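Here's the structure, in structure tokens; my notes come after.
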Amino acid sequence: MASWKCDGHLSRIRWALLPCILDLWGSGMEQGLGLGLWEGDRVDADAERLHRQASRLGAEWLSAPFADFWSKLGNELATRSIVASGYSTHQADMEAIRSLIAQESAWGMRLRSGLEGAALAWRSRQVAPLRARTLSLMSEIELSSHLYAQQLAAELQRILTGPLEESDRRVAAMAASLGLRPGVGNPWAPEAFLRVFAETLPLDEFTATLVPITFDQLGRSLPALMRDVLPRLSTLLEGGGVVAFPAASATPAAPMRREAPVEAKTPGHDTATMAEDTESGIVGQDTVANLRGRPALDPVPPGPATEPVQRRDNGMPRYRDIVHDHLAQWREREQAAGTWTLPKQAGQGAHVLRSAEVMTMASVLQGEDPTPFVTALARRGGSSLQVVIREEMLKAAAQLGFDREQTHFGQDDEDAIDLVAILFDTLAEGNDLMPRGTRMFGKLVLPYVKVAMLDDSLFNRRSHPARRLLDALAETCDGNAGESATNREMLDRAEAVVDQVVDRFQEDQAIIELAAQELREHLEQQQLRAEISERRMAEALHGRERLHFARQAAHGDLAGLLASGPLSRASQHFLEQFWQKALTHTWLRYGADSTRYRAMVVLGNKLAKLDAAGAALQADKLAHGFIAELDALRECLSLCGRIGEAADEALARLCSGLADVDAERLVRTAQPLAADDHADVPATGLHLASAREKPCDPVLIARLRKLRVGQGLRIREEEGRESAAKIAWISPLTARFLIVNRRGMRKLVVSPEELADMVERGEVTIRAIEAPVDQAMRQVWEQLRAAGRQVH
Numbered sequence: 001m002a003s004w005k006c007d008g009h010l011s012r013i014r015w016a017l018l019p020c021i022l023d024l025w026g027s028g029m030e031q032g033l034g035l036g037l038w039e040g041d042r043v044d045a046d047a048e049r050l051h052r053q054a055s056r057l058g059a060e061w062l063s064a065p066f067a068d069f070w071s072k073l074g075n076e077l078a079t080r081s082i083v084a085s086g087y088s089t090h091q092a093d094m095e096a097i098r099s100l101i102a103q104e105s106a107w108g109m110r111l112r113s114g115l116e117g118a119a120l121a122w123r124s125r126q127v128a129p130l131r132a133r134t135l136s137l138m139s140e141i142e143l144s145s146h147l148y149a150q151q152l153a154a155e156l157q158r159i160l161t162g163p164l165e166e167s168d169r170r171v172a173a174m175a176a177s178l179g180l181r182p183g184v185g186n187p188w189a190p191e192a193f194l195r196v197f198a199e200t201l202p203l204d205e206f207t208a209t210l211v212p213i214t215f216d217q218l219g220r221s222l223p224a225l226m227r228d229v230l231p232r233l234s235t236l237l238e239g240g241g242v243v244a245f246p247a248a249s250a251t252p253a254a255p256m257r258r259e260a261p262v263e264a265k266t267p268g269h270d271t272a273t274m275a276e277d278t279e280s281g282i283v284g285q286d287t288v289a290n291l292r293g294r295p296a297l298d299p300v301p302p303g304p305a306t307e308p309v310q311r312r313d314n315g316m317p318r319y320r321d322i323v324h325d326h327l328a329q330w331r332e333r334e335q336a337a338g339t340w341t342l343p344k345q346a347g348q349g350a351h352v353l354r355s356a357e358v359m360t361m362a363s364v365l366q367g368e369d370p371t372p373f374v375t376a377l378a379r380r381g382g383s384s385l386q387v388v389i390r391e392e393m394l395k396a397a398a399q400l401g402f403d404r405e406q407t408h409f410g411q412d413d414e415d416a417i418d419l420v421a422i423l424f425d426t427l428a429e430g431n432d433l434m435p436r437g438t439r440m441f442g443k444l445v446l447p448y449v450k451v452a453m454l455d456d457s458l459f460n461r462r463s464h465p466a467r468r469l470l471d472a473l474a475e476t477c478d479g480n481a482g483e484s485a486t487n488r489e490m491l492d493r494a495e496a497v498v499d500q501v502v503d504r505f506q507e508d509q510a511i512i513e514l515a516a517q518e519l520r521e522h523l524e525q526q527q528l529r530a531e532i533s534e535r536r537m538a539e540a541l542h543g544r545e546r547l548h549f550a551r552q553a554a555h556g557d558l559a560g561l562l563a564s565g566p567l568s569r570a571s572q573h574f575l576e577q578f579w580q581k582a583l584t585h586t587w588l589r590y591g592a593d594s595t596r597y598r599a600m601v602v603l604g605n606k607l608a609k610l611d612a613a614g615a616a617l618q619a620d621k622l623a624h625g626f627i628a629e630l631d632a633l634r635e636c637l638s639l640c641g642r643i644g645e646a647a648d649e650a651l652a653r654l655c656s657g658l659a660d661v662d663a664e665r666l667v668r669t670a671q672p673l674a675a676d677d678h679a680d681v682p683a684t685g686l687h688l689a690s691a692r693e694k695p696c697d698p699v700l701i702a703r704l705r706k707l708r709v710g711q712g713l714r715i716r717e718e719e720g721r722e723s724a725a726k727i728a729w730i731s732p733l734t735a736r737f738l739i740v741n742r743r744g745m746r747k748l749v750v751s752p753e754e755l756a757d758m759v760e761r762g763e764v765t766i767r768a769i770e771a772p773v774d775q776a777m778r779q780v781w782e783q784l785r786a787a788g789r790q791v792h
């Protein structure tokens, strides 16, 4: 019975494999039963050598001109007009370019490795059309890059007909020598290059608008490069491998090793680096850029003289190995300042906690009362956050049976704890966290210690899910005291997400990714509300400013008319109660330079002349003039809401007053204009001085006038913390700035002079808009670098 069951299983397996066998058999018949070879396995050894040499040299020749590709693109982008793309878009593109420049060398290595790998892999498979890659599921930016690559490939195929035909003939001859079937394609065609180029792009650092800019730059340089390289490769293939090295590759690249041909890396691999390293200068660009992605070909590890950083087995340096020395210097500085006490040296037989044991203790403490961490973040206790983390974990170790005096953390765990502590401290200082927000961050301290121990890229990969969660949480809590229903809803949602992470997270970072996504989606909904609120505030401010200028203009015309000569009480009443209001409405509707406004001003002047005619007993002139202006007077009254009987009554009173010879006529004075009821009172917690002891720097004021909508700011609160803000609107009438916080709530309405005064006092700092963790990490590197300078 068992034998029958076994035979049945084998039979089903055979039937299941039959289509695959038939497919392989058909491919073998088509290709000479050689699994990719033509007419058996006859392969020329010289052809193999030539193929390897052409793959290596072609990769060098094609990749060498791109060594400074991002630097050139950054210089060009910096000179472009901001008006054409918008200030926020231009700033985002420049931030992305700076991050790409930081990893320029590593990207050039990946491009070269990808080109060589694709050329070597060409022998075992036919080069797939570029359009086939776009059929897979990909992000919008990734899809856009492949579409632009397709368009550029088609254009290059059209303009490079001659060199491509010659190259195709040489490649076909080499393919025949290698025993490949006809029609395998050209591994150095523009299509093949653009496929590798698109796949090696660090798209996590890209903005949507940077993709067309990149391919536009590429489209201007690639045709000339192809015209130079394709003939050179044809000469190489024709001469059997004897060709002079070009000047661009006079210095040979580092030797590469490979166990087997590999595919070029797909865009799904994260190859971006931290943007903050552009300015920090802690480690070299090449080293940092390799922290987050592995090239398609692993380079041979350099000797100790050229690369002091330890490496993992896969040839890449560990992140904590790179910053270990800087953390040690930072600890020395903190110890000298009295804010840090180095742990006692382990005695004989001391136990150094393994990472698994530290993870266990963090899991035990996770979800318990976060008050110690909250107190440290709020700077209400005497101990720093890194000290509190160690103390709490050592208490847990003692409860689990370890001797606290003889238990110590390993080097990696010490560094992970300190990096998390510095990051959280910096986030707490750089954002205006209220007590509820500080408590949320305190709950996440231990989960993030675990994340840091599991994954070094938390600190240098901008797209890391744990970073995105902190970004969303900081944006939610920054300056949010829950004063409105919307703000309370945001805090409630953030607290629920944090509690979910604390309850469920052990080692699976998918939980953090889902939490970050949930909170970000809620923030995006709130952002739409904030944008609507910003527009309404801008419209209201603009309306009040226009009303203010209209009232000022009307009052000025009234004061000038009253002071021009004696008028009766009836004329003064009409001018003040009706004509002035009509002027205001006309200014608002048609503007001060309009024909209607000038006609209304003329009406006032004529009315003053009619009053003078009445005083001089010029009855005919008064009667004819009044009748001639009757329509204009009715229009004036209608603008004030007086129509019908009310208008007739007002006109009758005016006519009676003008005709009264005995009425007292004096040079009148206009009543002072009522003060505006919309004075810009600074928000609670901010101080704005209206009078300055000394004038501000005119150069600074001129520069501030050039700021555009979307410019980021940092506002210092009374407690010394900072909060993020931006310019949401600039008045076209007064050039005043409407400044709002992250949630679109009004913070300030200031003139350029007032903003300059606040900048000089240090209350406002002009900063580009960036993610909270990006800003915090930049400050972390500044702290570590400052510590290194002090120690040396």
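Note that the sequence shown ends on residue 792 in the UniProt record's numbering; no numbers are left out. Every residue, glycine too, gets a C-beta built ideally from N, C-alpha and C. Being a predicted model, the structure only gives us computed values, none of them experimental.
Taking Cys-640 as the centre and dropping the five residues before and after it, the same chain places the C-beta of Gln-577, Phe-578, Lys-581, Ala-582, His-585 closer than 8 Å to its C-beta, in chain order. Per DSSP, Ser-221 is one residue of the alpha helix (DSSP H) stretching across 210-238.
CA-CA distance, Tyr-148 to Asp-456, rounds to 34 Å. Separation of Val-184 and Asp-216 (C-alpha to C-alpha, rounded to the nearest whole angstrom) is 29 Å.
In this structure, the CA atom of Ile-97 is about 16 Å from the CA atom of Arg-778. Under a 10 Å Cβ-count criterion, Arg-170 is classified as buried, with 16 or more other Cβ atoms of the shown protein chains found around its own Cβ.
Counting only residues of its own chain and dropping the five nearest sequence neighbours on each side, Trp-729 has a CB closer than 6 Å to the CB of Ala-538, Leu-738.
In this structure, DSSP gives Asn-186 a state outside helix and strand, which the three-state scheme calls coil.
The beta-carbon separation of Ser-145 and Gly-108, rounded to 18 Å, does not stay under the 8 Å limit for a contact. The beta carbon of Asp-418 is closer than 8 Å to those of Leu-327, Trp-330, Arg-331, Gln-386 in its chain, skipping five residues each way along the sequence. Taking a 10 Å sphere around the C-beta of Val-211, we find 16 or more other C-beta atoms and assign the residue as buried. In this structure, Asp-415 is the residue among Arg-767, Asp-415, Met-434 with its C-alpha nearest to the C-alpha of Leu-784. Rounded to the nearest whole angstrom, the CA to CA distance from Val-501 to Ser-463 is 18 Å. When DSSP states are grouped into helix, strand and coil, His-408 belongs to the strand group. A direct Cα-to-Cα measurement between Ala-540 and Ala-616 gives close to 49 Å. Excluding five sequence positions before and after Ala-92, the CB atoms of its chain that fall closer than 6 Å to its own CB belong to Thr-207, given in chain order.
Taken in chain order, the complete beta strand (DSSP E) segments of 3 residues or longer contained in the region 754-790 are 764-766. Per the coordinates, the alpha-carbon of Gln-671 lies some 40 Å from the alpha-carbon of Arg-703. Note on Asn-480: 16 or more other CB atoms within 10 angstroms of its CB, so buried under the neighbour-count rule.
Residue pairing for Ile-532: DSSP places it in no beta bridge. The residue from Ala-350, Ala-515, Trp-781, Ile-532 with its alpha-carbon nearest to that of Phe-459 is Trp-781. When DSSP assignments are scanned along the region 449-500, the uninterrupted stretches of alpha helix (DSSP H) that are 4 or more residues long and fall wholly within it turn out to be 465-477.
When rounded, the separation of the alpha-carbon atoms in Arg-642 and Glu-635 is 9 Å. Using a Cβ distance threshold of 8 Å, Glu-763 and Gly-430 do not count as a contacting pair. Nearest to Pro-752 by C-alpha distance, out of Ala-771, Ile-727, Asp-68, is Ile-727.
Nearest to Asp-325 by C-alpha distance, out of Ala-378, Gln-411, Arg-379, Glu-368, is Gln-411. Rounded to the nearest whole angstrom, the C-alpha separation of Trp-587 and Arg-746 is 28 Å. Ser-723 has Ile-715 as its beta-bridge partners, per DSSP. When Cβ pairs closer than 8 Å are counted between the two stretches, the region 704-721 is seen not to touch the region 436-446, the count staying below three. Taking C-beta separations shorter than 6 Å and ignoring five residues to either side along the sequence, the partners of Leu-603 in its chain run Ala-632, following chain order. Setting aside the 5 residues that flank it on each side, Ala-78 is surrounded in the same chain by Met-94, each with a C-beta closer than 8 Å to its C-beta; the list follows chain order. Take Arg-467, set aside five residues on each side of it, and the residues of its chain with a beta-carbon closer than 6 Å to its own are Val-773, in chain order. Three or more Cβ pairs drawn from the region 505-519 and the region 468-478 lie within less than 8 Å of each other, which places the two stretches in contact. In the assembly as shown, Ser-99 is a buried residue. Its beta-carbon has 16 or more other beta-carbons within 10 Å.
The residue from Asp-432, Ser-638, Ala-628 with its alpha-carbon nearest to that of Leu-610 is Ala-628. When beta bridges are read from the DSSP output, Leu-748 appears opposite Ile-739.
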